[in-house]
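Novice:
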Amino acid sequence: MRKVERPPDGIDLQRVARSCRYVGSPYHRISIAGRIQSAYRPDATICPTELINNRGCVEAWLRQAVEAGHAGRWGSQYPRYVWHRDQDRETIYEAREGPRDSGEYHGYPLQPTQTVQGLP
């Protein structure tokens, strides 16, 4: 179950947010030419094409969501999952940390039926 959780004691959300990085993943991408990337996983949702080359926007969403505490499954320094609800209020993006406590994330849209408990 996806659930927003409080960070461990002593975690400074602003510091964590500043150090998070969006690194992306070929599992959720279609190339600019519209072809599926060779690393694409059939069970992975595809990132919207307008976000593929907008790393700054996606990283800003990641950092804003962490600072707001929209995260869960915390490790010693970083959350395993971070969630951002888009302005359309219908699309929720999930960022998943790569190597544990690396602060490096890739993201993807959730299916409309997937929810996050505690996400405003």
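To get our numbering, take the position in the sequence shown, counting from 1, and add 3. C-beta: ideal position from N, C-alpha, C; glycine also. Remember, predicted model here, so these are calculated numbers, not experimental data.
1) Can you tell me whether residue 97 is buried or exposed? The criterion is at least 16 other CB atoms within 10 Å of its CB, across all chains shown.
2) Within 10 angstroms of the Cβ of residue 59, are there 16 or more other Cβ atoms? Answer buried if so, exposed if not.
3) Whole angstroms are fine: how far does the CA of residue 122 sit from the CA of residue 7?
4) Report the three-state DSSP secondary structure of residue 71 (helix, strand or coil).
5) Give the C-beta separation of residue 65 and residue 108 to the nearest angstrom, bearing in mind that I take them to be a contact with Cβ-Cβ under 8 angstroms.
6) List the endpoints of the continuous beta strand (DSSP E) containing residue 85.
7) Mark residue 100 as exposed unless 16 or more other C-beta atoms lie within 10 angstroms of its C-beta, in which case mark it buried.
8) Assign residue 106 to one of two classes, buried (16 or more other C-beta atoms within 10 Å of its C-beta) or exposed (fewer than that).
9) Just the Cα atoms here: how many angstroms apart are residue 103 and residue 84?
10) Using the Cβ count rule (16 or more neighbours within 10 Å means buried), how would you classify residue 82?
Specialist: Based on what the coordinates show:
1) As a working note, residue 97 is residue 94 in the sequence shown. Buried, by the Cβ-count rule.
2) On the sequence shown, position 56 is the one that residue 59 refers to. Exposed, since its Cβ has fewer than 16 Cβ neighbours within 10 Å.
3) If you number the sequence shown from 1, residue 7 lands on position 4. If you number the sequence shown from 1, residue 122 lands on position 119. Each residue's alpha carbon lies about 6 angstroms from the other.
4) On the sequence shown, position 68 is the one that residue 71 refers to. Coil at residue 71, not helix or strand.
5) As a working note, residue 65 is residue 62 in the sequence shown. As a working note, residue 108 is residue 105 in the sequence shown. Their Cβ separation, rounded to whole angstroms, is 6 angstroms, which keeps residue 65 and residue 108 in contact under 8 angstroms.
6) Counting from one through the sequence shown, the residue named residue 85 turns up at place 82. Its beta strand (DSSP E) spans residues 82–88.
7) The residue labelled residue 100 in the question sits at position 97 within the sequence shown. Buried.
8) Position 103 of the sequence shown holds residue 106. Buried is the call here.
9) Start at 1 with the first residue of the sequence shown, and residue 103 comes out as number 100. Start at 1 with the first residue of the sequence shown, and residue 84 comes out as number 81. Looking at the two C-alpha atoms, the distance is approximately 11 angstroms.
10) Position 79 of the sequence shown, counting from 1, holds the residue named residue 82. By the neighbour-count rule (16 or more Cβ atoms within 10 Å), residue 82 is buried.
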